[in-house]
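Protein chains in written order, with my numbering: chain V, 3 to 333; chain D, 3 to 333. A short write-up of the structure that comes next.
2 protein chains.
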Amino acid sequence: MSRPTLEQVARLAGVSRATVSRVVNGGAGVSAAVRDAVRAAVDSLGYVPNPAARSLVTRRTDSIALVVSESTAQVFGDDPFFADIVRGVSAELELSDKQLVLLTTDTAAGRDRVRRYTSAHVDGVLLVSHHGNDPLYTALNAQGPPVVCGGRPLYAANTSYVDVDNTGGAYKAVDYLIRAGRRRIATIAGPQDMNAGVDRLTGYRAAVQKHGRRAIVAYGDFSRDSGQAAMHALLADEPDLDAVFCGSDLMAVGALASLRAKGRRVPDDVAVIGFDDIQQARYAEPPLTTVHQPSPLLGREMVRMMTRILSGEVPVEPVTLPTQLVLRSSA
Amino acid sequence: MSRPTLEQVARLAGVSRATVSRVVNGGAGVSAAVRDAVRAAVDSLGYVPNPAARSLVTRRTDSIALVVSESTAQVFGDDPFFADIVRGVSAELELSDKQLVLLTTDTAAGRDRVRRYTSAHVDGVLLVSHHGNDPLYTALNAQGPPVVCGGRPLYAANTSYVDVDNTGGAYKAVDYLIRAGRRRIATIAGPQDMNAGVDRLTGYRAAVQKHGRRAIVAYGDFSRDSGQAAMHALLADEPDLDAVFCGSDLMAVGALASLRAKGRRVPDDVAVIGFDDIQQARYAEPPLTTVHQPSPLLGREMVRMMTRILSGEVPVEPVTLPTQLVLRSSA
DNA sequence: CTCTTCGCTGAGAGCGCTCCCAATGGGGCG
DNA sequence: CGCCCCATTGGGAGCGCTCTCAGCGAAGAG
Numbered sequence: 003m004s005r006p007t008l009e010q011v012a013r014l015a016g017v018s019r020a021t022v023s024r025v026v027n028g029g030a031g032v033s034a035a036v037r038d039a040v041r042a043a044v045d046s047l048g049y050v051p052n053p054a055a056r057s058l059v060t061r062r063t064d065s066i067a068l069v070v071s072e073s074t075a076q077v078f079g080d081d082p083f084f085a086d087i088v089r090g091v092s093a094e095l096e097l098s099d100k101q102l103v104l105l106t107t108d109t110a111a112g113r114d115r116v117r118r119y120t121s122a123h124v125d126g127v128l129l130v131s132h133h134g135n136d137p138l139y140t141a142l143n144a145q146g147p148p149v150v151c152g153g154r155p156l157y158a159a160n161t162s163y164v165d166v167d168n169t170g171g172a173y174k175a176v177d178y179l180i181r182a183g184r185r186r187i188a189t190i191a192g193p194q195d196m197n198a199g200v201d202r203l204t205g206y207r208a209a210v211q212k213h214g215r216r217a218i219v220a221y222g223d224f225s226r227d228s229g230q231a232a233m234h235a236l237l238a239d240e241p242d243l244d245a246v247f248c249g250s251d252l253m254a255v256g257a258l259a260s261l262r263a264k265g266r267r268v269p270d271d272v273a274v275i276g277f278d279d280i281q282q283a284r285y286a287e288p289p290l291t292t293v294h295q296p297s298p299l300l301g302r303e304m305v306r307m308m309t310r311i312l313s314g315e316v317p318v319e320p321v322t323l324p325t326q327l328v329l330r331s332s333a
Numbered sequence: 003m004s005r006p007t008l009e010q011v012a013r014l015a016g017v018s019r020a021t022v023s024r025v026v027n028g029g030a031g032v033s034a035a036v037r038d039a040v041r042a043a044v045d046s047l048g049y050v051p052n053p054a055a056r057s058l059v060t061r062r063t064d065s066i067a068l069v070v071s072e073s074t075a076q077v078f079g080d081d082p083f084f085a086d087i088v089r090g091v092s093a094e095l096e097l098s099d100k101q102l103v104l105l106t107t108d109t110a111a112g113r114d115r116v117r118r119y120t121s122a123h124v125d126g127v128l129l130v131s132h133h134g135n136d137p138l139y140t141a142l143n144a145q146g147p148p149v150v151c152g153g154r155p156l157y158a159a160n161t162s163y164v165d166v167d168n169t170g171g172a173y174k175a176v177d178y179l180i181r182a183g184r185r186r187i188a189t190i191a192g193p194q195d196m197n198a199g200v201d202r203l204t205g206y207r208a209a210v211q212k213h214g215r216r217a218i219v220a221y222g223d224f225s226r227d228s229g230q231a232a233m234h235a236l237l238a239d240e241p242d243l244d245a246v247f248c249g250s251d252l253m254a255v256g257a258l259a260s261l262r263a264k265g266r267r268v269p270d271d272v273a274v275i276g277f278d279d280i281q282q283a284r285y286a287e288p289p290l291t292t293v294h295q296p297s298p299l300l301g302r303e304m305v306r307m308m309t310r311i312l313s314g315e316v317p318v319e320p321v322t323l324p325t326q327l328v329l330r331s332s333a
């Protein structure tokens with residue numbers, strides 16, 4: 003009735019527990035005949051190793067945690083970033099036959115869980131989109147399992163992380179605007195306590211400065227509404243701007259709405275470029291020129307980096323994934 | 003250096019392993035003095051129970067799996083449904099201090115994992131948005147851990163599931179259109195191998211029939227593009243329709259684009275109602291009247307149902323969560 | 001032909017925890 | 001005053017697995 007154990011498989015195959023264990027774990031050092039007999043027994047009983055028993059002795063759990071702040075998911079709303087990451091992580095973990103444990107850090111209880119769980123429940127932690135001042139990273143790092151961050155941590159040195167080339171992507175976007183003849187290029191920057199917000203602004207500044215232009219900066223929180231509000235303010239302060247680079251597609255969509263409300267034509271009067279390349283960008287009015295970032299790949303790469311760390315490779319170099327400008331109609 | 007064990011806590015507190023175990027698991031049947039001493043020892047050593055050792059003997063893992071088909075996440079794209087569910091599940095699981103294990107079923111390897119993992123790795127399985135012909139449900143159900151479905155399974159009788167009132171929501175929407183004086187009301191239905199697609203169409207048919215109208219049905223796959231294409235076809239076949247109820251907001255947004263392209267004014271010429279109430283609906287042009295469904299709550303309720311099952315309650319009645327019509331400008 | 005080597009297999013000791021059962025002692029009751 | 005009961009505690013077995021180590025026979029070397 004209940005699940006078969008190694009012992010039963012061993013009895014059926016007429017060998018010892020140890021031999022069955024060897025076969026189940028790859029079969030090295032077992033003669034072909036015995037190996038086949040054991041495999042047959044395993045199949046006939048439908049044996050599946052008990053992970054608890056295994057991890058009790060190996061001290062590995064073969065599962066890794068993905069830690070996200072719930073507010074992240076919430077703030078982003080329509081932004082499929084979160085789902086993309088999960089998809090990438092999940093797909094890549096499948097290859098190494100590890101489990102994905104999802105943890106949330108918003109409530110105090112949640113953070114507490116993260117702290118407890120990461121000690122013995124998982125072999126490693128994937129930390130995603132934490133704000134710069136997040137004490138969680140330090141706490142995690144001090145305490146044991148290896149940590150890989152998604153996005154460059156703002157204040158933590160000596161970290162393993164995977165990031166997309168936010169700075170370069172922003173630079174490319176602004177550079178494109180300048181080459182297209184735009185004169186007064188503003189930006190709607192994201193939150194400055196998140197690396198994506200900071201780096202995209204940095205890229206903007208670099209491009210603007212390189213061409214001797216003046217930086218015109220407004221701030222949002224990556225959300226659509228904040229983009230709309232920021233565009234509104236920008237239009238009031240700098241009526242003659244002719245381009246705006248937005249730190250996220252959602253903010254760009256908001257900016258588009260604001261520009262439409264003010265009767266500015268896009269891209270004729272004002273060019274708009276976003277960042278992320280979410281689905282909505284394609285269907286925006288007009289379709290949004292934006293910087294594409296490979297979100298699912300970010301998830302995959304985090305797992306790959308973790309795998310390397312787990313297999314003893316150290317130090318591990320940070321990885322930065324390329325971004326690329328996708329030209330549509332808004333610029 | 004390494005993690006402290008029960009034994010060490012016991013030694014420090016001057017009691018036996020059994021007593022420490024009792025305290026750690028609630029402290030019933032332990033005198034107050036001893037309990038405090040043990041708690042102090044636990045804190046001072048930073049003791050955290052080893053879940054593998056625990057689950058080896060209790061035969062519980064205190065973790066439950068959320069099984070989603072990756073294609074689901076992919077098809078939905080901008081649809082935050084998936085993220086919402088995860089959020090709800092995660093938040094509710096936190097309360098009972100259980101882990102969330104995420105599994106994906108798209109690749110053959112993934113399905114295989116689901117089959118293996120669900121045997122000893124998790125106490126229960128939450129199955130979400132599986133298509134009607136999905137053999138996974140039967141496989142899971144036959145084999146052991148309790149299963150709770152998100153969305154009424156199409157072909158599986160005698161199931162524990164939580165669903166939103168798709169039929170009722172659709173009915174309300176169409177009923178509203180009729181009362182608003184619309185004469186020729188079409189629908190763009192979702193895929194008919196998913197319960198949401200079927201039930202929303204059923205609600206539409208019920209309302210239309212009740213008022214003696216003719217059903218005008220086109221089909222999409224819940225995606226924006228499919229909605230746009232379906233609207234296009236509908237307009238060709240039924241040029242004088244004056245309302246359309248869409249099985250998803252994304253399809254409604256597509257329909258809006260199609261109507262705009264054909265020069266039909268919304269809601270003046272054609273009223274449009276969607277389903278889901280995603281963020282985009284609010285920002286559609288015009289803002290979309292839609293049927294709100296409580297996605298995060300769906301996740302929570304699935305967990306609650308699972309908790310009840312796990313604590314021995316049986317049979318468990320299916321739960322249907324209410325939907326409500328949100329009036330905006332498109333109808 | 002003997003000794004060493006090597007490939008394969010089995011025995012056994014735990015991993016850290018829970019839980020059953022026995023032991024202990026103090027208090028209430030007859 | 002003796003006995004029983006109950007609340008509290010400790011002892012010990014064992015969950016299913018891995019892994020070290022020893023044993024064994026066959027094969028190769030001298």
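Positions of the beta carbon are idealized from the N, C-alpha and C atoms, including for glycine.
Here proline 317/V is exposed. Its C-beta has fewer than 16 other C-beta atoms within 10 Å. In the DSSP assignment, isoleucine 180/V falls within the unbroken alpha helix (DSSP H) covering 168–181. For the pair alanine 20/V and arginine 61/D, the Cα-to-Cα distance works out to about 23 Å. With a beta-carbon spacing of about 5 Å, alanine 85/V and alanine 85/D fall inside the 8 Å limit used to define contacts. Taking a C-beta cut-off of 8 Å against chain D, none of the residues of the segment 27–38 of chain V qualify.
Under DSSP, histidine 213/D shares a beta bridge with no residue. In this structure, DSSP gives leucine 300/D a helical state, which the three-state scheme calls helix.
Around the beta-carbon of asparagine 168/D, 16 or more other beta-carbon atoms lie within 10 Å, marking it buried. According to the DSSP assignment, alanine 191/V belongs to the beta strand (DSSP E) that extends over 187–191.
Relative to valine 321/V, the option among Pro155/V, Pro269/V and Phe247/V whose CA is nearest is Pro155/V. At a cut-off of 9 Å, the C-beta of aspartate 45/V has no neighbouring C-beta in chain D.
In this structure, the CA atom of proline 193/V is about 9 Å from the CA atom of histidine 133/V. Of the residues Val26/V, Val50/V and Gly199/V, the one whose Cα lies closest to the Cα of proline 6/V is Val50/V. Taking a Cβ-Cβ cut-off of 8 Å, arginine 306/D has no neighbours in chain V, whose nearest Cβ is about 17 Å from it. In terms of Cβ geometry, arginine 184/V and arginine 216/V do not form a close pair [threshold 9 Å]. Counting only runs that start and end inside the segment 64–114 of chain D, the beta strand (DSSP E) elements of at least 3 residues fall at 65–70 and 101–106. Within chain D, the residues placing a beta-carbon under 8 Å from that of tyrosine 119/V are Gln101, ordered along the chain. With 16 or more other CB atoms across the displayed protein chains lying within 10 angstroms of its CB, aspartate 251/V is buried.
Approximately 6 Å separates the beta-carbon atoms of methionine 307/D and valine 164/D; this is inside 8 Å, confirming the contact. Under the Cβ criterion (8 Å, minimum of three pairs), the segment 284–302 of chain D does not count as touching the segment 221–237 of chain D.
Separation of glycine 199/D and glutamate 94/D (C-alpha to C-alpha, rounded to the nearest whole angstrom) is 27 Å. Counting only Cβ-Cβ distances below 8 Å, phenylalanine 84/D has contacts in chain V at Ala85, in chain order. Excluding residues up to 5 positions away in sequence, Ala12 lie with their Cβ nearer than 8 Å to the Cβ of serine 18/D in the same chain. Within the same chain, Ala217 come within 8 Å of glutamine 211/V by CB-CB distance, once the 5 residues on both sides are set aside. Straight across, the Cα-Cα distance linking arginine 118/D with valine 88/V is about 21 Å. Neighbours of arginine 226/D in chain V, taken as residues at a C-beta separation under 8 Å, are given in chain order as Gln281 and Tyr285. Taking C-beta atoms as the reference points, threonine 106/V and valine 69/V count as a pair closer than 9 Å. Here histidine 213/V is exposed: its Cβ has fewer than 16 other Cβ atoms, across all protein chains shown, within 10 Å. If you check the CB distance, alanine 191/D and leucine 243/D do not come in under 9 Å. Non-local C-beta neighbours of valine 150/D in its own chain, meaning closer than 6 Å and more than five positions away in sequence, comprise Leu128, Ser162, Met304, Met307 and Met308, ordered along the chain. With a threshold of 16 other beta carbon atoms within 10 Å, tyrosine 178/V meets it and is buried. Distance from the Cα of glycine 16/D is smallest, within the candidate group Asp195/D, Val40/D and Gly48/D, for Val40/D. Taking 9 Å as the CB threshold, valine 328/D stays off the interface with chain V.
In its chain, beyond the 5 residues on either side, Leu8, Val11, Ala12 and Val40 have a beta carbon closer than 6 Å to the beta carbon of valine 22/V. Residue nearest to alanine 172/D within the set Val246/D, Gln230/D and Val130/D is Val246/D (criterion: CA-CA distance). Counting of Cβ neighbours within 10 angstroms places glycine 48/D among the exposed residues, the total staying below 16.
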